[in-house]
Amino acid sequence: MPRYDTLLEIVRMLDRDLLMVPRSLVPIVQSLVRDHLKDQPGEGEERSLYAGDGDRDEDTTQEPRNEV
6 MPRYDTLLEI
16 VRMLDRDLLM
26 VPRSLVPIVQ
36 SLVRDHLKDQ
46 PGEGEERSLY
56 AGDGDRDEDT
66 TQEPRNEV
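Following our numbering, the numbering of the sequence shown begins with 6 at its first residue and continues without gaps.
Okay, here's the thing in C-alpha cells:
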C-alpha cells in the first residue's frame, strides 16, 4: 500500500491530477467526464485498461481476448 505522498508523486510523474471525490458524487463526476470525452475527437471511445496505442487499428471482428 503506497502512502498518500508516494501515490501523489506517481500521479504527478504521469502528468495527471489526483482528485478526491465524495462517493455520493462519483456518478455525477463520471457523467461529466464522459460528456467531455464525447466532445473530444478520438477520446470518447472506451478501451481496455491494458490496450496499447496499436490496438486501436485492430480488426473489430476479431474475437475478444480474455484479459486479466
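C-beta: ideal position from N, C-alpha, C; glycine also.
Could you have a look at Met18 and say whether DSSP puts it in helix, strand or coil? Three-state result, Met18: helix.
Under a three-way DSSP split, which group does Gly49 fall into? Residue placement at Gly49 is flagged as unreliable, the pLDDT there being 49, under the threshold of 50; a coordinate-derived value is accordingly withheld.
Are the CB atoms of Leu23 and Leu13 within a distance shorter than 7 Å? Less than 7 Å divides the Cβ of Leu13 from the Cβ of Leu23.
For Leu24, name the three-state secondary structure that DSSP assigns. Here Leu24 carries a coil assignment [DSSP, helix/strand/coil].
Would you identify the three-state DSSP class for Asp44, choosing helix, strand or coil? Taken through DSSP and simplified to helix, strand or coil, Asp44 comes out as coil.
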